[in-house]
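Residue numbers (my numbering): -11 to 90.
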């Protein structure tokens, strides 16, 4: 999963709970400009780690979700395919472990 998919999923959840929820409202909730959100979702801009931290705080994400989101943003900034794959694998593994019933 990429951080763009994460954001789209967050938007979809909010839109499902409130059909009148707009991308403008989502951008406001994220603490970013609507145009910047559009560029993010279209892959024309990358999200900085600092902005990822701010967004996770603005959305009041759980610690697990915040770590997942920030990890996905971090992975997007890694150019070495091996390092990127290793980080994504660790994110997927921690996500599976944390959601497994005990």
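Think of the CB as a built atom: it goes at the ideal place given N, C-alpha and C, for glycine as much as any other residue.
- Less than 8 Å separates the beta-carbon of residue 21 from that of residue 15.
- Short of 8 Å from the beta carbon of residue 19, and not among the five residues preceding or following it, lie these beta carbons of its own chain, in chain order: 42, 43 and 46.
- In the three-state reduction of the DSSP assignment, residue 42 falls in the helix class, which pools H, G and I.
- The beta carbon of residue 49 sits closer than 8 Å to the beta carbons of 57 from its chain, once the five residues preceding and following it are set aside; these are given in chain order.
- Distance from residue 75 to residue 62 at the Cβ level is roughly 7 Å; contact confirmed, criterion being Cβ atoms closer than 8 Å.
- Cα atoms of residue 70 and residue 31: separation of roughly 22 Å, rounded to the nearest angstrom.
- Following the DSSP letters along the chain, one finds residue -3 inside the alpha helix (DSSP H) bounded by residues -9 to 5.
- Taking all protein chains in view, the Cβ of residue 59 is crowded by 16 or more other Cβ atoms within 10 Å, so the residue is classified as buried.
- In the three-state reduction of the DSSP assignment, residue 48 falls in the coil class, being assigned neither a helical nor a strand state.
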